[in-house]
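Written below as structure tokens is the structure these notes are about.
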Amino acid sequence: MPRDRIVRIPLFPLKSIQSNISLAFSLLILAAIVLTSLVSYQVSVDAVERNSNGYIEEVIKQVNMNIQSYVDNMENISLLALTNKDVKYYISDNSFISTENRRTYEKRISDLFQAILYTRNDIASIMVFGYNGRFVSDRRITSLNPNAILEEQAWYKTAKSASGKSVISAPHVQNIIQNEYRWVVSLSRELKSTDGIKAEGVFLVDLNLSIINDICSNINLGKKGYLFIVDNNGNIVYHPQQQLIDSKLRTERISDVIQASSGSSFVAKDGDGKRIYSVQDTNFGWKIAGVAYTDDLIASKDELRNSILLYSLFGLTISLLISVWLSHRLSKPIKDLQSDMKQVEKGNFDIQTEIGQMNEIGQLGRSFNLMVSRTKFLMEETIHNQENKRKSELLLLQSQINPHFLYNTLDSIVWMAEQKQHEEVVLMTSALAKLFRASITKDQELVPIRVELEHITNYLLIQKMRYTDELDYVLDIDESILGYKTVKILLQPFVENAIYHGIRNMYGIEDGRITIRGRESNDQIVFEVEDNGLGMTPEQLDKIRINGDENSRNQGIGIRNVNERIKLYFGHEYGIQIRSEIEVGTCVTITIPKLE
Amino acid sequence: MRKQRFTIWLILAILIGAIYSVYYFKLFGGPSIHDNSIAVILKSLNVRMDFWQTVNKGAETAAKEVGMELNVLGPLQENDADEQIRILEEAIEQKPEAIVIAPFADDRMSAILAKARSAGIKLVVIDTPLDMNPMPVIVSNDHAEAGRLAGETALSAAKGHPTVAIISDDPNSEISEERLTGLLEVLNRYEDSVIGVSYANNSEDRAYEIVKQLLGADKPFNTIITLNETATLGVAKLLKEQQWAGVIELIGFDSSVDEIQLLESGTLKAAIVQKPFNMGYLGVKTALKLIDGNKVDPVTYIESNVITRENMYTPENQKLLFPFINNNK
Chain A
1 MPRDRIVRIP LFPLKSIQSN ISLAFSLLIL AAIVLTSLVS YQVSVDAVER NSNGYIEEVI
61 KQVNMNIQSY VDNMENISLL ALTNKDVKYY ISDNSFISTE NRRTYEKRIS DLFQAILYTR
121 NDIASIMVFG YNGRFVSDRR ITSLNPNAIL EEQAWYKTAK SASGKSVISA PHVQNIIQNE
181 YRWVVSLSRE LKSTDGIKAE GVFLVDLNLS IINDICSNIN LGKKGYLFIV DNNGNIVYHP
241 QQQLIDSKLR TERISDVIQA SSGSSFVAKD GDGKRIYSVQ DTNFGWKIAG VAYTDDLIAS
301 KDELRNSILL YSLFGLTISL LISVWLSHRL SKPIKDLQSD MKQVEKGNFD IQTEIGQMNE
361 IGQLGRSFNL MVSRTKFLME ETIHNQENKR KSELLLLQSQ INPHFLYNTL DSIVWMAEQK
421 QHEEVVLMTS ALAKLFRASI TKDQELVPIR VELEHITNYL LIQKMRYTDE LDYVLDIDES
481 ILGYKTVKIL LQPFVENAIY HGIRNMYGIE DGRITIRGRE SNDQIVFEVE DNGLGMTPEQ
541 LDKIRINGDE NSRNQGIGIR NVNERIKLYF GHEYGIQIRS EIEVGTCVTI TIPKLE
Chain B
1 MRKQRFTIWL ILAILIGAIY SVYYFKLFGG PSIHDNSIAV ILKSLNVRMD FWQTVNKGAE
61 TAAKEVGMEL NVLGPLQEND ADEQIRILEE AIEQKPEAIV IAPFADDRMS AILAKARSAG
121 IKLVVIDTPL DMNPMPVIVS NDHAEAGRLA GETALSAAKG HPTVAIISDD PNSEISEERL
181 TGLLEVLNRY EDSVIGVSYA NNSEDRAYEI VKQLLGADKP FNTIITLNET ATLGVAKLLK
241 EQQWAGVIEL IGFDSSVDEI QLLESGTLKA AIVQKPFNMG YLGVKTALKL IDGNKVDPVT
301 YIESNVITRE NMYTPENQKL LFPFINNNK
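Listed below in structure tokens is the structure:
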């Protein structure tokens, strides 16, 4: 059912731990950095937008205050005129001013206006028009434009209809003075007689529009942002692109601005891009709107993005490097352990891995070291044992067919045959045959003590026949131990040593005697091979103990060989002990376990 | 081992690239900001030349809309074709993305502009059409339409019975000829409506003399249409002197302070006024469109307005007649 099989993608798909760790780190870091930079970008953008909104509002307020101060100033000037006695006299209907006096009044008023004008360069002109036909301005000689009809001027008409209240006009070209065409904003006001009932004239102050123009055009709301002013009828007071709007090449959200309350803002989004309108009311009926393009507002948006991008890339690079380094550091002990294991795999057991910190990996390393050393020990032991076994087997084989022994015995047989001692020949030949049969049976290493006893008996028999009176021997073996097992040819080397080293060289001082004892002792079986031969000095004895019987190797099976075979088959607690005293004799004790 | 590590880095690099590109387009896909360079070469940069100053202002307004800095050049003296050519050649060396030029009618101009074009610079010709193959993109006042407007005005002033004397400056002046074409298109619908076209060679006195002779002749007429400012001033002077003002209707082109006063006094019935601001604005706008590879009309015409004594102080027309807010007293 292959359909049921789910393809599992492993969480860490890469092969090495280091790669996996660094990949995981990198992904985590990447995610974290992307997230934080996204968030911080958004936060910064929000903050910038908020700040710039506040900034625009502040700017508009400032513009409002500036314009207001100019308007207030015009208002103050108008109040000055309103309360000035000369002005009142001059335009009042019932004043009896002669033509000569009129000239002095004119001069005084003109001087007053001029004085005001000197202090203010924002004021273009100050004029008074009496309904009695008289007029005076800040100029000494005023010639009115003959083609401009006073009564048709907008500021004149609105001032009249506002009856005493001051009126601010929209910007216009003032053409009332001959040869002067200036863009101004006019404040006009109807002047009343002293009793305040009768209207007697219109007062006019013109503010240079360039003042407002300069204020507005110098405002920078980003690269593309601008500021515009409309009056409450929706007429544009100031707009940097007024001509485009007049030509319908551009539209402006004038109706939205008029409807917006003071201090509010709204967002417009159309073909011209997303922009924020902030609206402020002035005290005299104009509305100032600041327009800022959002993409422009955050003029630093690109910069902001780039710097965030740059910093996060920088951070990313650094942290990626760190993650690679970290993963390297973390996986290094594992890698070291791995390479050490590889060495072991190749057969090098001399390796001990270095243990840094005692963390999991350290513990692993310690276990590894333990394991390796133990393995090494076991392997060495095995190799050693095998070697020993092989060697002793070889030696055993050698001993079994010890040629000297064989030649000597055969010589003895020949000699006895020549003497026609038939019985002895038969006896010796059969003993030799038995001896060989027993030792050549290679199929088993362990044989019953009975077999060993037979073997040693045959051996002694042959030696006795060769040495006749020089050699005497006693076999004292408990019946009870005959059934237990022993390694074969256990006793022969010692008997041989006793004959060749102990007894043969005695030269008839005494009869050589070899006593072989065998008995149980607790769980053990103890054999003793004792002779009354020459014995050994302690130095000789030590030599044997230390080197085994290297020197006597040629002459037969060594003591060490027997000792090793015992230890190999039965364990280290078993083996041989040699006691020897010069001129007294040597006693070899052999201990083996009871083994059925 | 090496290969695997390389793979990791590759994966990471791709991942980073992918994420950041998504990031970029999602968050920052706003309108592109122009850092184009456009050179605007006018006929004159003289601050007293209101017409060209207004063109300049319009061009700067267009540049500000896209947040761009503009390089406005031009000779200080008008009618200095040599200087304009020198400036143009200098501008070409700067390799702007586009050149907006109001060229003088000069034989060398086409060749130099062809050189600019072959250097990959987009061309927009404003104000005066230019003979060049293929034709460059043109943003210009519709002088023929202005002429038609003058004709219509003459018709209504004469209450349907126009007898018109036309004073032009020079048969070689392209603008005047176009105006004349439009004018005649309207007037020729009426029999004997045009008593003649005279050329005053850009001289007030010459215009004065021409009209003086016409008045002395036995062909009566009720309207004079002057195709350039000097002719208008010369004719107006005569009409005032001989008290013909308001009797013979005078219709002129363009605006100046003198013409404004003539309008106010009624000597000048109407003036057909261009919109140089719009020309500058649309010129740069068109250049921006060309740079962005958008489709552009081969010719963009800018309308003219008829200004009369009655409508001269409306807010729109005030802006046309008095484009600058001067601070000088």
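The listed protein sequences derive, respectively, from chains A and B. Using UniProt numbering, the first residue of the first sequence is number 1, and each one after it goes up by one. Using UniProt numbering, the first residue of the second sequence is number 1, and each one after it goes up by one. Each residue gets a CB set at the ideal place from its N, CA and C atoms; glycine is no exception.
Taking 7 Å as the cut-off, the beta carbon of asparagine 278(B) is found no closer than this to the beta carbon of isoleucine 307(B).
Apart from sequence neighbours up to five positions away, the residues of its chain that approach serine 203(B) with a beta-carbon distance below 8 Å are Thr230, Gly234, ordered along the chain. Counting the other CB atoms within 10 Å of its CB gives serine 327(A) a total of 16 or more, which places it among the buried residues. If you keep only unbroken alpha helix (DSSP H) runs of at least 4 residues inside the stretch 283 to 343 of chain A, you get 294 to 297. In chain order, Lys319 make up the part of chain B whose C-beta sits under 7 Å from the C-beta of glutamine 242(A). When secondary structure is reduced to three states using DSSP, arginine 517(A) falls in the strand class. Straight-line spacing of the CA atoms in asparagine 497(A) and leucine 534(A) works out to 11 Å. Contact annotation for isoleucine 260(B) against chain A: Tyr181 [CB-CB distance below 8 Å, chain order].
Here DSSP, grouped into helix, strand and coil, assigns proline 171(B) to coil. Beyond the five residues adjoining it in sequence on each side, leucine 215(B) comes within less than 6 Å, by CB distance, of no other residue in the same chain.
When secondary structure is reduced to three states using DSSP, phenylalanine 322(B) falls in the coil class, being assigned neither helix nor strand. Minimum Cα-Cα distance from asparagine 222(B) among the listed residues Tyr208(B), Asp254(B), Glu178(B), Lys269(B) corresponds to Lys269(B).
Listed along chain B are Glu316, Lys319, each with a C-beta nearer than 7 Å to that of aspartate 246(A). When 8 Å is used as the limit between beta carbons, alanine 170(A) is near these residues of chain B: Pro315, in chain order. Ranked by how close their Cα comes to the Cα of lysine 594(A), the residues Leu541(A), Ser521(A), Glu528(A) have Ser521(A) in first place. Taking a beta-carbon distance threshold of 7 Å, asparagine 278(B) counts as an interface residue toward chain A. Scanning Val211(B), Ile16(B), Asn71(B) for the CA closest to the CA of valine 284(B) turns up Asn71(B). Proximity of the stretch 214 to 233 of chain A to the stretch 282 to 294 of chain A meets the contact definition, three or more beta-carbon pairs being nearer than 8 Å. Looking at the DSSP output, lysine 274(A) shares a beta bridge with Lys269(A). Between the beta-carbon of serine 323(A) and that of isoleucine 17(A) there is about 13 Å, and that puts the pair past the 8 Å contact cut. Taking aspartate 297(B) as reference, the option from Val124(B), Met312(B), Tyr281(B) with the minimal CA-CA separation is Val124(B).
If you check each beta-carbon in the stretch 131 to 149 of chain A against every beta-carbon of chain B, the ones closer than 9 Å belong to Asn145, Pro146, Asn147, Ala148. Under the 7 Å criterion on CB atoms, serine 265(B) is classed as interfacial with respect to chain A. The three-state secondary structure of phenylalanine 113(A), taken from DSSP, is helix. A direct Cα-Cα distance of roughly 16 Å separates lysine 237(B) from alanine 271(B). Contact between glutamate 452(A) and threonine 486(A) holds: CB atoms are separated by about 5 Å, below the 8 Å threshold.
Its Cα nearest to that of glutamate 264(B), the residue Asn311(B) stands out among Ala287(B), Tyr281(B), Asn311(B), Trp244(B). DSSP places methionine 65(A) inside the alpha helix (DSSP H), whose first and last residues are 17 to 83. Straight-line measurement puts the Cα of leucine 144(A) at about 6 Å from the Cα of isoleucine 176(A). Using a Cβ-Cβ cut-off of 7 Å, phenylalanine 253(B) does not count as an interface residue toward chain A, since no Cβ of chain A sits closer than that to its own.
Shown here, leucine 435(A) sits in a helix according to DSSP, grouped into three states. For the pair of segments examined, the stretch 185 to 196 of chain A was found to touch the stretch 77 to 85 of chain A: the number of CB pairs separated by less than 8 Å reaches three. Listed along chain A, no residue sits closer than 9 Å to valine 235(B) by beta-carbon distance, the nearest being about 19 Å off. If you look at tryptophan 183(A), you'll find it in the beta strand (DSSP E) that goes 182 to 192. Taking 3 residues as the minimum length, the beta strand (DSSP E) runs contained wholly in the stretch 189 to 274 of chain A are 199 to 208, 226 to 231, 236 to 238, 265 to 270, in order along the chain.
Taking all protein chains shown into account, histidine 172(A) has 16 or more neighbouring C-beta atoms within 10 Å of its C-beta and is therefore buried.
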